[in-house]
Amino acid sequence: MLNLLFRSFIRSMGVKIGLGFLFLAGLVSLLIGRQFLDRQARNSRDVIAAQRVDLERHARFHPDEIGLVLYYAQFALVNQTPALAGLSIGQRDVNPSIQRVTIRGLEAQKYDADLNNPTNLLLGNIDFSFVLIYLFPLLIIAFTYSAISEERENGTWRMVAVQSRNLLGFIAQLFLVRLAVVLSLLLVLLGLAVVVLGIPLDGPFFLFAGTSVGYVLVWFGLCFWVASLHRPSGTNAVLLITIWLVLLLILPAGINQYMLSRYPLPEALATTVKQRKGYHEKWDMPKEPTVAKFYAHYPQFRPFGIPNTTFNWLWYYAMQQMGDDESARESGELRQKLQQREAVSHAFGLLIPSLHAQLQLNELAQSGLGNQLRFLDETTRFHERLRLYFYPKIFSNYPVKAERWDRHTVKTFSDCSPIRAGYVLLPPMLFGLLFGGLGWLNFRRNLYVL
Amino acid sequence: MMLQLIAQKEFTATLRDRRFLVAGALVLLLLLVATWTGFRNYQSLAQKRAEANQSARAAWLGQPEKNPHSAAHYGTFAFRPKSDLSFLDFGLDTYTGSSVYLEGHRQNDAKFSAAEDATSLIRFGEMTVAFVLQLLIPLLIIFLCFGAFTQEREENTLNILLSQGASVQTLFWGKVAGFARVIGLVVVPALLLAATLLFAQTGFQGTADTALRLGLFVLVYTLYFGLFIIGSVFVSARSTSSRASLLTLLGIWIAACIALPKATANLGESLFKVPSSYVFQKELHEDVEKGIDGHNPEDARAKELEKRVLAQYGVDSVSQLPVNFDGIVMQEGEKYTSMVYQKHFGELQNQFQKQNSLATITGFLNPYLAVRDLSMGLSGSDYDHFLDFKAKAEAYRFALVERLNNQMKVFSKTGDWEKTVSRDFWAKTPNFQYQLPSVGWALGRHWLSVLALLLFSGALVWGVGRGLKDVPLV
Chain G
1386 MLNLLFRSFI RSMGVKIGLG FLFLAGLVSL LIGRQFLDRQ ARNSRDVIAA
1436 QRVDLERHAR FHPDEIGLVL YYAQFALVNQ TPALAGLSIG QRDVNPSIQR
1486 VTIRGLEAQK YDADLNNPTN LLLGNIDFSF VLIYLFPLLI IAFTYSAISE
1536 ERENGTWRMV AVQSRNLLGF IAQLFLVRLA VVLSLLLVLL GLAVVVLGIP
1586 LDGPFFLFAG TSVGYVLVWF GLCFWVASLH RPSGTNAVLL ITIWLVLLLI
1636 LPAGINQYML SRYPLPEALA TTVKQRKGYH EKWDMPKEPT VAKFYAHYPQ
1686 FRPFGIPNTT FNWLWYYAMQ QMGDDESARE SGELRQKLQQ REAVSHAFGL
1736 LIPSLHAQLQ LNELAQSGLG NQLRFLDETT RFHERLRLYF YPKIFSNYPV
1786 KAERWDRHTV KTFSDCSPIR AGYVLLPPML FGLLFGGLGW LNFRRNLYVL
Chain S
3 MMLQLIAQKE FTATLRDRRF LVAGALVLLL LLVATWTGFR NYQSLAQKRA
53 EANQSARAAW LGQPEKNPHS AAHYGTFAFR PKSDLSFLDF GLDTYTGSSV
103 YLEGHRQNDA KFSAAEDATS LIRFGEMTVA FVLQLLIPLL IIFLCFGAFT
153 QEREENTLNI LLSQGASVQT LFWGKVAGFA RVIGLVVVPA LLLAATLLFA
203 QTGFQGTADT ALRLGLFVLV YTLYFGLFII GSVFVSARST SSRASLLTLL
253 GIWIAACIAL PKATANLGES LFKVPSSYVF QKELHEDVEK GIDGHNPEDA
303 RAKELEKRVL AQYGVDSVSQ LPVNFDGIVM QEGEKYTSMV YQKHFGELQN
353 QFQKQNSLAT ITGFLNPYLA VRDLSMGLSG SDYDHFLDFK AKAEAYRFAL
403 VERLNNQMKV FSKTGDWEKT VSRDFWAKTP NFQYQLPSVG WALGRHWLSV
453 LALLLFSGAL VWGVGRGLKD VPLV
């Protein structure tokens, strides 16, 4: 029976076109992912190769003043891009994956944006997550909206109902065949992705695949439920497209709007303004209070004393430090608001499968806001380590030549935040089961309404 | 006469359809909510930016007596004001930086876009008026029109209608007119609200420019909806069943409004490559150091300048100059670096414009892209308006730094970095005030999209005229 159902389903021209189109879209998305990964790799290669040369050049140009060398010297921290990010580019195109900082004030450097075409950012990428989240549901809708209603409309349902020993089983098989076809397509694409993007077969990948399957199940659940309402094909189609519209366009956009107004962010700007003021006004002030504040922050450097020359690197870096110290409150508030936004989106995601899928795929691919925030935190720590390493050398005017500049290689940040498999997989499974179950009940109740 | 009768019939029939009433009311509600929240959002942003501009100015004015060059390093900020119509279409505003830090020696890129602070949610799109108008109303039109002919055919009323003397043409345009009235019922209230909010904001003294922008905005969308209605009714006329008609139309909608725009963006990005941020900075620094042509290094330029200035004042050492030579050196350096920055940013922006032009060209086949482009252009939230802001901010920066360097040159002698200007000097430097370019300028930037929209409309009407000649009756 299953075999016959499969053959009658796959014989339709529309089905073949739909599958072909989605397969093609999937392939394109993989190529775009490949392109994205290549670009990321090239960027970090450029930076890694250049840092050594640049540092040596600065050291050669300013052989007597390590303070001056460090005024110019930039140290890079790369946010490692996992191969999975090729499947779900997320915010990685908006936020730079490489931070290059000098040991001067951090706040002024932290939010440097990449060179991006804003038009392309607005339009977004056809990455795999787009194909999965937007296009797969359409295919599922197209495959199932008339699966049963068409038989009714053609008058064949009565015959099926009379001849079938287990009508409920027959309905289940009708959907299972379609589910199997769609899941096969999904798995083929994921299999190709492993090859094309060089994705390691590790935990995140299997969770990524699991989330994708879960999302497909949610849509099958929805379609099954709509089919159980026994409406005409046209109504089913309109109803399902409306659900698609609400889940993928209206709710996300509405929630986004809500979050923007609920958690407004004047602080990003306030931080820079405050930082600039904190640093620059020190030029016109006596040195002693600035250096005293610096020593209050870093008591370990007190032995270096208070400089008495007109210009002194200790004083200079103390001024820079004050820029960061005096804007620390604004900076912290900004970080907190961003974390709130991230947390609230995830909470909404628990109720809205499309949001959950996108947020979790980005989280697994380390391309969401969460990863960006952790990268910024790591940048702060990285910057602090550089400062603590170089401060004593600058203050004691350590010979530039004695420093092993080649040891300051580009550092990489690998995001190892824990993944909660249950949190990722349960919501879509529950949604799928809920709608599937509701549909099942409906079918059982009205099974022989012909 | 007949045409009006048919239009009236479609209009009345639609209003009696409960399903449509629900869908139409929902879209209207969304539109009103989008207008209102968009406006609130715009107001708060506009206010914040105005305040930020004021506080940046206050910080500038509040500087103590200091050396002019120290002030050039202190710098100031230019905040991009929101354009009046941007609450209808946020356009690129979410993805472009909101402020530029203006300082001596270098041009900074605009920083702090809203997208950097957003969760992945933002990539689903924003609930703006333009979003509803560009994506949801077409969908409503599709649901409204897909059965226009097929239903008549399925119920065997098409034969009867035609046998009563109505031509297919009359029937077609009558239906189009009827549906247009229905859509007007949904859109007009929201546009009235938008216009009221817009003009109430300025105390009903809005400029002619804003009114013109709004008028054209309405015109563009009217045409857009017209295209969708004509296209949908046409597809219905040519389809064998309502189901086929609906599927075709939904397919077109998804391809034109969801998938194709992204595809053009990705294609543009791979055709016209831009350097990584690192390489960009490196090439920039190299050009400053070695000269823009690679044969005019920094120290050679300095020597040449010294010779020229000494000759000009007829003295033979810098210390004998009646002016501060450092001021001259810095101004010359500023001119040179500005030129280098202009070259590199110009090349980058050219590359971006090329990427964008792909979407403009695709607009000839896909009116969604042309309308999107025009809508952003009229709302002042497109890339051109952003570049205009950047250019004006840069011009202001250059004038400011030039003023400081000249002050340095005339009021002290070479090597004197201690002499300060009095506090009232800060107030004498003009404030940065950004003026939105005129609507004519905006149209000039988007004439290709205007042409694309008009050509597409012409082609559609012509194609419909031909296609209606052999419409199947059963």
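Chains G and S, in that order, give the protein sequences.
In this note's numbering, each residue's number is its place in the first sequence (first place is 1) plus 1385.
In this note's numbering, each residue's number is its place in the second sequence (first place is 1) plus 2.
Just so you know, even glycine gets a beta-carbon here, dropped at the ideal spot from N, CA and C.
Quantities reported herein were computed from a predicted structural model and do not represent experimental measurements.
Determine the chain S residues that contact Arg1442 (chain G) at a beta-carbon separation under 9 Å, and present them in chain order. Correct list: empty, because the minimum Cβ distance to chain S is about 11 Å.
Locate the alpha helix (DSSP H) running through Arg1396 (chain G), then write down its first and last residues. That residue, Arg1396 (chain G), is in no alpha helix (DSSP H); it is neither H nor E in DSSP.
Per-residue contacts from Gly1639 (chain G) into chain S (C-beta, under 7 Å): Here the neighbours are Met129.
Going along the chain, which residues of its own chain have a beta-carbon closer than 6 Å to the beta-carbon of Glu1535 (chain G), five neighbours each way excluded? Excluding sequence positions up to five before and after Glu1535 (chain G), its CB lies within less than 6 Å of the CB of Ser1618, all in the same chain and listed in chain order.
Would you mind sorting Ala444 (chain S) into buried or exposed? The rule is 16 or more other CB atoms within 10 Å of its CB. Classification for Ala444 (chain S): buried.
Just list the residues that DSSP pairs Phe79 (chain S) with in beta bridges. Partner(s): S:Tyr103.
Using a Cβ distance threshold of 8 Å, determine whether the region 1622-1629 of chain G contacts the region 1593-1611 of chain G, with at least three qualifying pairs required. Between the region 1622-1629 of chain G and the region 1593-1611 of chain G, the count of C-beta pairs closer than 8 Å reaches three or more; the two stretches touch.
Give the list of continuous alpha helix (DSSP H) stretches no shorter than 4 residues that lie fully inside the region 179-214 of chain S. Here no run is fully enclosed.
Based on the DSSP secondary-structure assignment, which residues constitute the bridge partners of Gln1743 (chain G)? BP columns for Gln1743 (chain G) are empty, so no partner.
Just to confirm the assignment, what range does the alpha helix (DSSP H) spanning Leu1632 (chain G) have? Segment: none, Leu1632 (chain G) is in no alpha helix (DSSP H) and carries neither H nor E.
With a Cβ-Cβ cutoff of 9 Å, do Ala1527 (chain G) and Leu249 (chain S) count as a contact? When the beta-carbon positions are compared, Ala1527 (chain G) and Leu249 (chain S) come within less than 9 Å of each other.
Would you identify the three-state DSSP class for Ala15 (chain S), choosing helix, strand or coil? Ala15 (chain S) sits in a helix when the DSSP states are folded into three classes.
Do the CB positions of Ser234 (chain S) and Leu160 (chain S) come within less than 9 Å of each other? Contact: no.
Per DSSP, cross-strand counterpart(s) of Thr1797 (chain G): Note: Thr1797 (chain G) sits in a beta bridge opposite G:Val1463.
Look at the alpha carbon of Phe81 (chain S) and the alpha carbon of Ser414 (chain S), and state the distance between them as a whole number of angstroms. Near 33 Å, if we compare the C-alpha coordinates of Ser414 (chain S) and Phe81 (chain S).
By the criterion of Cβ-Cβ separation under 9 Å, what are the contact partners of Asp111 (chain S) in chain G? What Asp111 (chain S) touches in chain G: Asp1497, Ala1498 and Leu1500.
By the DSSP assignment, the beta strand (DSSP E) with Ile1526 (chain G) in it spans what residues? Premise fails: Ile1526 (chain G) lies in the alpha helix (DSSP H), Phe1521 to Thr1529, not in any beta strand (DSSP E).
Bridge partners of Ile1483 (chain G), per DSSP? Ile1483 (chain G) pairs with G:Val1463.
Measure the C-alpha to C-alpha separation of Ala60 (chain S) and Glu53 (chain S) and round it to an integer number of angstroms. When rounded, the separation of the alpha-carbon atoms in Ala60 (chain S) and Glu53 (chain S) is 10 Å.
Near-chain S residues of the region 1659-1691 of chain G (beta-carbon distance less than 7 Å), N- to C-terminal order: Look at the region 1659-1691 of chain G: the residues with a C-beta under 7 Å from a C-beta of chain S are Lys1662, His1665, Trp1668 and Asp1669.
Taking Cβ positions only, does Val403 (chain S) come closer than 9 Å to chain G? Answer no: the Cβ-Cβ gap between Val403 (chain S) and chain G never drops below 9 Å.
Relative to the C-alpha of Ala1732 (chain G), which candidate in G:Tyr1701, G:Gly1817, G:His1682 and G:Asn1641 has its C-alpha closest? Nearest of G:Tyr1701, G:Gly1817, G:His1682 and G:Asn1641 to Ala1732 (chain G), Cα basis: G:Asn1641.
Identify the continuous alpha helix (DSSP H) that holds Gln333 (chain S) and give its terminal residues. Following the DSSP letters along the chain, one finds Gln333 (chain S) inside the alpha helix (DSSP H) bounded by residues Phe327 to Thr364.
Below 8 Å, can you find three or more Cβ-Cβ pairs linking the region 259-270 of chain S to the region 168-178 of chain S? No, because fewer than three Cβ pairs between the region 259-270 of chain S and the region 168-178 of chain S fall closer than 8 Å, the two stretches do not touch.
If you run the structure through DSSP and keep just helix, strand and coil, what is Arg1477 (chain G)? For Arg1477 (chain G), the three-state secondary structure derived from DSSP is coil.
Taking one C-beta from the region 1684-1698 of chain G and one from the region 1656-1670 of chain G each time, how about it: are there three or more such pairs within less than 8 Å? Put simply, the region 1684-1698 of chain G does not touch the region 1656-1670 of chain G. Fewer than three CB pairs are less than 8 Å apart.
When you compare the region 1465-1476 of chain G with the region 1803-1822 of chain G, are there three or more beta-carbon pairs, one atom per stretch, that lie closer than 8 Å? Segments in contact, no.
Listed by chain order, chain G residues near Ile124 (chain S) by CB distance under 7 Å: Chain-ordered, the chain G residues with CB closer than 7 Å to the CB of Ile124 (chain S) read Asn1641.
Tell me, please, whether the region 61-75 of chain S touches the region 187-196 of chain S by the rule of three or more beta-carbon pairs shorter than 8 Å. Because the criterion of three Cβ pairs below 8 Å is not met, the region 61-75 of chain S and the region 187-196 of chain S do not touch.
Where do the ends of the alpha helix (DSSP H) carrying Lys1722 (chain G) lie? Its alpha helix (DSSP H) spans residues Ala1713 to Leu1736.
What did DSSP end up calling Val1623 (chain G) once you bin it into helix, strand or coil? Three-state result, Val1623 (chain G): helix.
Would you identify the three-state DSSP class for Gln109 (chain S), choosing helix, strand or coil? It is a strand residue.
How long is the line joining the alpha carbons of Leu1749 (chain G) and Phe1590 (chain G), rounded to whole angstroms? For Leu1749 (chain G) and Phe1590 (chain G), the distance between alpha carbons rounds to 8 Å.
DSSP three-state label for Val290 (chain S), please. In the structure shown, Val290 (chain S) sits in a helix (DSSP, three-state: H, G or I).
Could you check what DSSP says for Gln222 (chain S) in three-state terms: helix, strand or coil? Going by the sequence as given, residue 222 (chain S) is Val instead of Gln. Helix, per DSSP.
Nearest-angstrom beta carbon gap, Thr1596 (chain G) and Glu1492 (chain G) [assumed within contact, 8 Å]: Their Cβ separation, rounded to whole angstroms, is 36 Å, which puts Glu1492 (chain G) and Thr1596 (chain G) out of contact at 8 Å.
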